[in-house]
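Just so you know, the sequences run in chain order D and F. Per our numbering, the first sequence runs over residues 1 to 503. Per our numbering, the second sequence runs over residues 1001 to 1503. The beta carbon of each residue, even a glycine, is placed where N, CA and C say it ideally should be. Notes for the one structure printed next.
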Amino acid sequence: MANYSETVNSLRSVFQSGRTKNLKWRRSQLMALLKLLDDNRDRLSEALEKDLRKNKFESNLMEVGPIRNEVIYALNNLTDWVKPEKVKKGILNMMDKAYIRHDPLGAVLIIAAWNYPVQTAILPMIGAIAAGNCVVIKPSEIAENMASLLEELIPKYFDTECIKCICGGIPETTALLKEKWDYIFYTGNSRVGKIILKAAAEYLTPVTLEMGGKSPVYVDEDCDLGTVSNRILWGKNSNAGQTCIAPDYVMCSKETQDALVEKMKITLEKFYPEGPAKSSCYGRLVSDRHYQRVKKMIEGGGQVAVGGDTNDSERYIAPTVLADVTFSDPVMQDEVFGPVLPIVPVKNEDEAIARINAGSTGAPLALYVFSNNQQVVKKFLDGVNSGGCCVNDCLMQGSIPTLPFGGVGSSGMGRYHGRFTFETFSHKRGCMERGLEMESVNNIRYPPFTKNKEKIVTWILKQKLKSNANMSLVIYFMFGTLFAVFLKVFFAPQMSVMNFFSK
Amino acid sequence: MANYSEVVTSMRSVFRTGRTKNVEWRRSQLMALLKLLDDNRERLSDALKKDLNKSRFESCLMEVDFVRNDLINTLNNLTEWVKPEKVKKGLINMMDKVYIRREPFGVVMIMGAWNYPVQLTVAPMIGALAAGNCIMMKPSEISENVAALLEELFPKYFDTECIKCVCGGIPETTALLKEKWDYIFYTGNSMVGKIVMKAAAEYLTPVTLELGGKSPVYIDQGCDLGIVSNRVLWGKVMNAGQTCIAPDYIMCSKETQDALVEKMKATLGEFYPDGPAKSPDYCRLVSDRHYQRVKKMIGGGGKVALGGDSDDSQRYIAPTVLTDVTFSDPIMQDEIFGPVLPIVPVKNEDEAIAHINEGSDGYPLALYIFSNDQKIVQKILEGTNSGGCTVNDLFMHCGIPTLPFGGVGNSGMGGYHGKFTFDTFSHKRGCMERGLKMESVNNMRYPPFTKKKENTAAWIMKKKLKSNGSMSLIPYFIFGTLFAVILKVIFAPETPVMNFFSR
Chain D
1 MANYSETVNS LRSVFQSGRT KNLKWRRSQL MALLKLLDDN RDRLSEALEK DLRKNKFESN
61 LMEVGPIRNE VIYALNNLTD WVKPEKVKKG ILNMMDKAYI RHDPLGAVLI IAAWNYPVQT
121 AILPMIGAIA AGNCVVIKPS EIAENMASLL EELIPKYFDT ECIKCICGGI PETTALLKEK
181 WDYIFYTGNS RVGKIILKAA AEYLTPVTLE MGGKSPVYVD EDCDLGTVSN RILWGKNSNA
241 GQTCIAPDYV MCSKETQDAL VEKMKITLEK FYPEGPAKSS CYGRLVSDRH YQRVKKMIEG
301 GGQVAVGGDT NDSERYIAPT VLADVTFSDP VMQDEVFGPV LPIVPVKNED EAIARINAGS
361 TGAPLALYVF SNNQQVVKKF LDGVNSGGCC VNDCLMQGSI PTLPFGGVGS SGMGRYHGRF
421 TFETFSHKRG CMERGLEMES VNNIRYPPFT KNKEKIVTWI LKQKLKSNAN MSLVIYFMFG
481 TLFAVFLKVF FAPQMSVMNF FSK
Chain F
1001 MANYSEVVTS MRSVFRTGRT KNVEWRRSQL MALLKLLDDN RERLSDALKK DLNKSRFESC
1061 LMEVDFVRND LINTLNNLTE WVKPEKVKKG LINMMDKVYI RREPFGVVMI MGAWNYPVQL
1121 TVAPMIGALA AGNCIMMKPS EISENVAALL EELFPKYFDT ECIKCVCGGI PETTALLKEK
1181 WDYIFYTGNS MVGKIVMKAA AEYLTPVTLE LGGKSPVYID QGCDLGIVSN RVLWGKVMNA
1241 GQTCIAPDYI MCSKETQDAL VEKMKATLGE FYPDGPAKSP DYCRLVSDRH YQRVKKMIGG
1301 GGKVALGGDS DDSQRYIAPT VLTDVTFSDP IMQDEIFGPV LPIVPVKNED EAIAHINEGS
1361 DGYPLALYIF SNDQKIVQKI LEGTNSGGCT VNDLFMHCGI PTLPFGGVGN SGMGGYHGKF
1421 TFDTFSHKRG CMERGLKMES VNNMRYPPFT KKKENTAAWI MKKKLKSNGS MSLIPYFIFG
1481 TLFAVILKVI FAPETPVMNF FSR
């Protein structure tokens, strides 16, 4: 029976020694991560190929490449992130120093997922190290080749007393969750997310849960359906649909559906000239269990308009499009997480919005809207909440480090990427430094409380409600005019006004 | 048996209509809150007097005016905060709109505490309203007069379909926690905090927990102990020590302890010329249970150097200072939350830091350092973690809306005040808007994946590690010189360089 108490205690001792807080140490570990990625690009690609039949290009574009960029982004910004952040203060605190420190939390646990086994382990790790924590990574046992590779490589590159990789299945994960962590970062499904949140509650451990749900796509009238088809199918077929922000299903009018299906046939021929089964660019389902789960969905509603073929021995499911699906069909009850794309005809965007909000899987992780009509886009943004949103494309809202990436409601809590990861693993500590002088000023707050003190305090503290915006523009205008006059009077009193401004 | 399912369902329906998202609605409710505070200042003071014997001065400074200012700050900034936040994007996303929207969560519950029953219900509510949520307020039943007053006033001022106040004890709280909330904000103790977090876990509801713990004070050599005494005792006697960030205990050298006690006698003489029992400015313990709990602590370690008297009929405990306390004494095991102040002599700041880190109740909510030596201050800050910190005073890090107020580890999770409250009750939604044109650019990411695509993608994506600090200043120097030359050449080609800059 696995027991990690000693491991966690030793991590916490090293943390208390201050080693991981040291900026040079953080930088050295991030450089080590960079080296790990650069030295082992091929081996990482091979492991992804074995686990998910991921093509080398996809491995670079969607896993190793973005991670490498995030490490560099963190290294380039580390000094700024770690600096205490000065904050605005009022006149009362004029003589004080007021700032926010970002302090590390301690020993943090990162539980990764199998679908992007490098990204979901390493991306959070970047921010955790940048923030100065000790880190344990628990890769998903379902992506077993990547798990063993990480287990082998991590001790070779990192400070093993502070950064560890622990592999295993449910027993090991359960044992890890029995320990007290200072933060837990989990990527996966909501059923296990609840288990983790409950385990964290025992120790009042804060968490980030990156989960999923059914990410809808709405396709408006008058879109270039060839382009729409390319972008949706790219989002759907990457990793054979096993992406937390994959477009789960499409809603559009019946006419759009029929036209879109024709374009999708063309797109798929373009993507896979020899057919997806023979293409080295198309993935496989990760395990028999998931394969069977998704295979069932092919019969889960509507009719098969494209694809539908499978191969048990390879866990291959063709890119499949189901047309004329209804909201009560089986395929519309749970997240698909595979290359089966239901299309559900709707009257218009209002019906689509109502359906998303009534959906059983809660606020989606991603919302996709294809439209040339800014009003329709706004209707969706205002009417539906989602982790993130991309208009006229798929997946791209997860691609830049300045956008927070995370869910809401049942799709998750917390966010990361870029500086958001650093902040996830830090505590924002509000600090104020005063001097031991000017004690007489403090007298008004001490007892005995006289009526006089009460009046003065209320007067000092009282803030004023700003007048409304229009009024304040008038003030700016007045100041602008006064300033121009002032410039003229002082710098060129003899010159006529016209000449002054064209000098 | 209380059941709130219908209430929550109806609030969620109203939320779905979009009413609370409307900025004018939010503003109107915030203005209603302002009116509630201004119309009922007297009644709120009276209720606080009945519940805690709080003086009018304390009611203004620490409760009503405190939240009133936060409210005004929020009203003044609401338009800014609600606007989508544009973010930096790279060249690849030059044509895209990339921004963060802040979406309300939905129906949120705020559970207030009894020690600052106005502040701790209203301050979170300000941000929840500003963020566009429906709100269920549950004041603490222990401060029963304020609870009853809020229950009466809420329906008179607010949109009753969206903002409700429910009173009750453990059965009502338990029933409320059975429902699905979109956010829960709890202020109180860690035992109930765990219960709240576990209940929230059933629905994957995110939480903020404002808890407590033993907030230490470290007093360095060479401080003006008269001033230290004033400031520390002020923090301790406010609300008779029933403050989550009250200075729980002091660590200092034996010599400092002895000198400090003398100063504290003088301070208390100034604060309460007729003695604290007779002063209208000194509070009482809120209930018999808490009174007995704190009264026991008078005998909980060391010896009584000041105070020690109590009066059961009034739930009065004099400001009490214990000296020569040790870390293993009973009084050093739990948060005091009363006007008893243990002093624990230590060798130096190293011993203090070690104790803060190894203390049984984890990181404190507040850390107080009295020192004129910046090195000592930084040593302690670097060597510990805490919710927040004030140097050379008490409470001040909570006094400005630009510093986040919250705990870490056992003292809590999340932070609020000012914009942080607004952010607490908002989901940060990353959004990207693209056009449906320039599809040819996207071809690079579609299968079939050729070596050429691979190379192009790698080249486009690759980020560069910035050179170290001093090197990067040289380009600025070069640019600066070039710019000066350009100015001269364009604006004053005839003027010799010297005259150009002294014109």
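Exercise. So VAL325 of chain D is in the alpha helix (DSSP H); what residue range does that whole segment cover?
Worked result: DSSP places VAL325 of chain D outside any alpha helix (DSSP H), giving it a letter other than H or E.
Problem set entry | Validate contact between the region 1216-1228 of chain F and the region 1256-1274 of chain F using beta carbons, cut 8 Å, 3 pairs | Yes, they touch.
Exercise. Which first and last residues belong to the beta strand (DSSP E) in which ASP1435 of chain F is found?
Worked result: Per the sequence shown, the amino acid found at residue 1435 of chain F is Gly instead of Asp. In the DSSP assignment, GLY1435 of chain F falls outside any beta strand (DSSP E) and carries neither an H nor an E.
For this session: Would you mind sorting ASN9 of chain D into buried or exposed? The rule is 16 or more other CB atoms within 10 Å of its CB.
Result: Here ASN9 of chain D is exposed: its Cβ has fewer than 16 other Cβ atoms, across all protein chains shown, within 10 Å.
For this session: Indicate whether VAL1122 of chain F and VAL1067 of chain F have their beta-carbon atoms separated by less than 8 Å.
Result: With contacts defined as CB atoms closer than 8 Å, VAL1122 of chain F and VAL1067 of chain F qualify as a contacting pair.
Problem set entry | Sub-8 Å separation of ASP1182 of chain F and THR1208 of chain F beta-carbons | With a cutoff of 8 Å on beta-carbon distance, ASP1182 of chain F and THR1208 of chain F are scored as not near each other.
Exercise. Beta carbon of ARG1434 of chain F, beta carbon of ASP222 of chain D: below 8 Å?
Worked result: Cβ atoms of ARG1434 of chain F and ASP222 of chain D: not closer than 8 Å.
For this session: Kindly list the residues whose CB is nearer than 7 Å to the CB of ILE444 of chain D, restricted to its own chain and excluding five residues on each side of it in sequence; keep chain order.
Result: Apart from the 5 residues on each side of it in sequence, ILE444 of chain D sits with its Cβ closer than 7 Å to the Cβ of LYS453, ILE456, VAL457 in its chain, given in chain order.
Problem set entry | Nonlocal neighbours in the same chain, by C-beta distance under 7 Å from ASN1392 of chain F, ignoring five residues either side | The residues are PHE1370.
Exercise. Can you tell which of D:ALA277, D:TRP114, D:ARG289 has the C-alpha that lies nearest to the C-alpha of TYR316 of chain D?
Worked result: Cα-wise, what sits closest to TYR316 of chain D is D:ALA277.
Problem set entry | For ASN133 of chain D, the nearest candidate out of D:ASN239, D:ALA147, D:ARG26 (CA to CA) | Ranked by Cα distance from ASN133 of chain D, the first of D:ASN239, D:ALA147, D:ARG26 is D:ARG26.
For this session: State the beta-bridge partners of HIS102 of chain D as determined by DSSP.
Result: Paired residue(s): D:LYS428.
Problem set entry | the ligand GTP heavy atom lying under 7 Å from the CB of GLN1242 of chain F | This structure does not include the ligand GTP; it has no bound ligands of any sort.
For this session: Quick one: using the 10 Å Cβ neighbour count with 16 as the cut-off for buried, is ASP1311 of chain F buried or exposed?
Result: With fewer than 16 Cβ atoms within 10 Å of its Cβ, ASP1311 of chain F is classed as exposed.
For this session: Check whether the Cβ of THR458 of chain D lies closer than 8 Å to any Cβ atom in chain F.
Result: With respect to chain F, the C-beta atom of THR458 of chain D has a partner C-beta closer than 8 Å.
For this session: Within its chain, find whatever has a CB closer than 6 Å to the CB of LEU1120 of chain F; leave out the 5 residues flanking it on each side and keep chain order.
Result: A distance below 6 Å between beta-carbons, with the five flanking residues on each side excluded, links LEU1120 of chain F to the following residues of its chain, in chain order: GLY1112, ALA1113, THR1187.
For this session: Starting from SER1426 of chain F, follow its DSSP beta bridges and name the residues at the other end.
Result: Bridge partners of SER1426 of chain F according to DSSP: F:PRO1104.
Problem set entry | Range of the contiguous beta strand (DSSP E) that encloses VAL306 of chain D | 303-306 is the extent of the beta strand (DSSP E) around VAL306 of chain D.
For this session: Using a threshold of 8 Å, state whether the C-beta atoms of GLN16 of chain D and ASN1348 of chain F are closer than that.
Result: It is not a contact, given that the beta carbons lie outside the stated cut-off.
Exercise. Between ARG1429 of chain F and GLU1058 of chain F, what straight-line distance do the alpha-carbon atoms span, to the nearest angstrom?
Worked result: Between ARG1429 of chain F and GLU1058 of chain F, the C-alpha separation is close to 40 Å.
For this session: Give the straight-line distance between the Cα atoms of LYS451 of chain D and VAL1008 of chain F, rounded to the nearest whole angstrom.
Result: Taking the straight line from one Cα to the other gives about 45 Å.
For this session: Drop a sphere of 10 angstroms on the beta-carbon of TRP1234 of chain F, count the other beta-carbons inside from all chains shown, and report buried for 16 or more, exposed for fewer.
Result: Buried, by the Cβ-count rule.
For this session: Alpha carbon to alpha carbon, how far is GLY387 of chain D from GLY1409 of chain F? Give it in angstroms, no decimals.
Result: Taking the straight line from one Cα to the other gives about 26 Å.
Exercise. HIS102 of chain D CB to nearest chain F CB: under 8 Å?
Worked result: HIS102 of chain D has a beta carbon lying at 8 Å or more from every beta carbon in chain F.
Problem set entry | Cβ neighbour criterion (16 or more within 10 Å) applied to GLY302 of chain D | GLY302 of chain D is buried by the Cβ-count criterion.
For this session: Look at the alpha carbon of TYR73 of chain D and the alpha carbon of ALA143 of chain D, and state the distance between them as a whole number of angstroms.
Result: Within the model, the alpha-carbon separation for TYR73 of chain D versus ALA143 of chain D is close to 27 Å.
Exercise. Are three or more beta carbon pairs between the region 50-61 of chain D and the region 237-254 of chain D nearer than 8 Å?
Worked result: The region 50-61 of chain D vs the region 237-254 of chain D: in contact.
For this session: Would you mind telling me which residues of chain F sit closer than 9 Å to MET396 of chain D, beta carbon to beta carbon, in chain order?
Result: Neighbours of MET396 of chain D on chain F, chain order: ASN1093, ASP1096, MET1432, ARG1434.
For this session: Please report the Cβ distance between ARG1019 of chain F and VAL1107 of chain F, rounded to the nearest whole angstrom; I am assuming they are in contact, meaning their Cβ atoms lie under 8 Å.
Result: Between ARG1019 of chain F and VAL1107 of chain F, the beta carbon gap of about 12 Å keeps them out of contact (Cβ cut-off 8 Å).
Problem set entry | Whether VAL1087 of chain F touches TYR1099 of chain F by CB criterion (8 Å) | Yes, these two residues count as a Cβ contact at 8 Å.
Exercise. Under the rule that 16 or more other beta-carbon atoms within 10 Å means buried, what is PHE1477 of chain F, buried or exposed?
Worked result: Exposed: under 16 other Cβ atoms inside 10 Å.
Exercise. TRP234 of chain D versus chain F: which residues are under 7 Å apart at the beta carbon?
Worked result: Neighbours of TRP234 of chain D on chain F, chain order: ARG1445, TYR1446.
For this session: Give a yes or no on whether the minimum CB-CB distance between SER229 of chain D and chain F is below 8 Å.
Result: No, no contact with chain F.
Problem set entry | Whole-Å CB distance - MET396 of chain D paired with CYS389 of chain D, under 8 Å assumed | Your pair MET396 of chain D and CYS389 of chain D does not check out as a contact, with CB atoms roughly 10 Å apart and the cut at 8 Å.
For this session: Could you pull out every residue in the same chain whose Cβ sits closer than 8 Å to the Cβ of ASN40 of chain D, ignoring the five residues on either side in sequence?
Result: So the list reads LEU149, LEU153, once near-sequence residues are dropped.
Problem set entry | Touch test, the region 412-426 of chain D against the region 1375-1387 of chain F, Cβ-Cβ under 8 Å, three pairs minimum | Flag = no, the region 412-426 of chain D and the region 1375-1387 of chain F do not touch.
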